[in-house]
Amino acid sequence: MHSVQCDNDGELEFEFPCYNFVETLDGLWDASDPRYHDPDSCYGGVKLKSPRDTFHLIHSIFPRIQVQLRRVVQSIGDPDSDLYQWFEGSKLCSGPIEGLITLEDDREAIEIKVRGPPTSELACFYFVEELLGLIDQVLLEMSPGLPIEKHILSAEQLRLHSDLVHCWPPDQLMECILQPSCLNAKLFNPLTGNYESVLDLVGFGASEVVKLVISGDELPVTTLSTVCRQQLCRLLDPPDSLGKDWCLLAVQLGLAEKVALLDVAGSSRSRTAMLLDEWAKVKASGIGMLIQKLKDLGRDDVAEILLRSAPLYRIVPTPVQQDPPTNVSCKSCSTLS
7 MHSVQCDNDG ELEFEFPCYN FVETLDGLWD ASDPRYHDPD SCYGGVKLKS
57 PRDTFHLIHS IFPRIQVQLR RVVQSIGDPD SDLYQWFEGS KLCSGPIEGL
107 ITLEDDREAI EIKVRGPPTS ELACFYFVEE LLGLIDQVLL EMSPGLPIEK
157 HILSAEQLRL HSDLVHCWPP DQLMECILQP SCLNAKLFNP LTGNYESVLD
207 LVGFGASEVV KLVISGDELP VTTLSTVCRQ QLCRLLDPPD SLGKDWCLLA
257 VQLGLAEKVA LLDVAGSSRS RTAMLLDEWA KVKASGIGML IQKLKDLGRD
307 DVAEILLRSA PLYRIVPTPV QQDPPTNVSC KSCSTLS
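If you want this note's numbering, it's the 1-based position in the sequence shown plus 6.
This is how it looks when you write it as structure tokens:
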């Protein structure tokens, strides 16, 4: 059980999220709020899901997320920041930017929605990144081996406050990233009949985001999570009827001369893991190329792991990068991985 000490009008209180059965207030995400009623208002969101047989773990993790949210707000000490929490939900405000974090889909998914007034696109991007980073840290502490998929909500439908909002799974998003148009690639929304660009969905349409991130296809294999690497090794290490697929992959990656070095008798290390480590030393060791080579081998099942688990992008410091427009850090560890 986790709690956090907080101050309420001078009175010392302790907040226990697991015992917080307060119901949500009306108007917390009001569609008629004049600050966000403009057609150019910024909306975006992410839904976090775990594998089907681990859905029951999400609701037990959520109280720890609420504790962490309270600690962050207290550590910032910003008079413009405010946090309101209720049963299975939290609302965090930083100036004009609002974030709503709730348990959805029968307590089997965590949904993060962020909105801001017109021209706040970059601020909203940093804000959602910080929220995702906070949640990632909690997940890493509580369940480091739990794979988490990040599905992206329709920005258009969030802006319209639709009752049913379409969300795209990570493999569809990564397939778009692999296209030449990259972040400007568009995804079809079957609920509206419209197309939305990846940039609109993950970057709130901010053109600056294109310069602030490296897209997933260009990221090196070293950015893959430990859980993702373990899944790759589990599928590629066992001998196949046509041979050892990790050996065939080595040839595809131009590392045929390394096979004998990696295939050491008696070694307990994963051959696939050692192959990925060797390939990481190559400058062109991008995730996009690895996905393509796996497809060339006919291992679409392994490529699917990367499509669903690899990061869509990573924020990198560049000369054009601006300071976060709100009290958030540009060093978020989430980056939709």
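Even for Gly, the Cβ is constructed at its ideal location relative to N, Cα and C.
Check                                                                                                                                                                          : Outcome
Kindly indicate which residue of Asp-243, Pro-196, Leu-259, Ala-191 has the alpha-carbon position closest to the one of Val-227.                                               : Leu-259
I'd like to check one pair, Ile-116 with Leu-109: are the Cβ atoms closer than 8 Å?                                                                                            : yes
Given this structure, state the Cα-to-Cα distance separating Ala-256 from Gly-33, to the nearest angstrom.                                                                     : 57 Å
Does the Cβ of Phe-22 have 16 or more other Cβ atoms within 10 Å, making it buried, or fewer, making it exposed?                                                               : exposed
Looking at the structure shown, is Trp-348 part of a helix, part of a strand, or coil, going by DSSP?                                                                          : Outside the shown range of the chain, which is 7 to 343, sits residue 348, and nothing can be said about it.
What is the DSSP secondary structure of His-172, reduced to helix, strand or coil?                                                                                             : coil
For Leu-207, I'd like the list of residues in its chain whose CB is within less than 6 Å of its CB, leaving aside the five on either flank, ordered along the chain.           : Ile-158, Ala-161
So what's Lys-337 in DSSP terms, helix, strand or just coil?                                                                                                                   : Bear in mind that a pLDDT of 38 at Lys-337, under 50, signals an unreliable position, so the model cannot answer this.
Once the 5 residues before and after Ser-338 are set aside, which same chain residues still bring their CB inside 6 Å of it?                                                   : Bear in mind that the predicted position of Ser-338 carries a pLDDT of just 41, short of 50, making it too unreliable to give a figure here.
Name the residue from Leu-296, Val-79, Thr-125, Phe-68 whose alpha carbon lies nearest to the alpha carbon of Ile-118.                                                         : Phe-68
Should Arg-165 go down as buried or exposed, given a rule of 16 or more other Cβ atoms within 10 Å for buried?                                                                 : buried
In terms of alpha-carbon separation, which member of Tyr-49, Ser-291, Lys-299 lies closest to His-167?                                                                         : Tyr-49
Relative to the C-alpha of Lys-287, which residue among Ser-273, Lys-264, Arg-314 is closest?                                                                                  : Lys-264
Compare the Cα-Cα distances from Phe-27 to each of Gln-237, Thr-232, Ser-96 and report the closest residue.                                                                    : Ser-96
Just how far apart, CA to CA, sit Glu-284 and Leu-312?                                                                                                                         : 18 Å
Write down every uninterrupted run of the beta strand (DSSP E) in the segment 195-254 whose length is 3 residues or greater and which is fully enclosed by it, in chain order. : 200-203, 219-221
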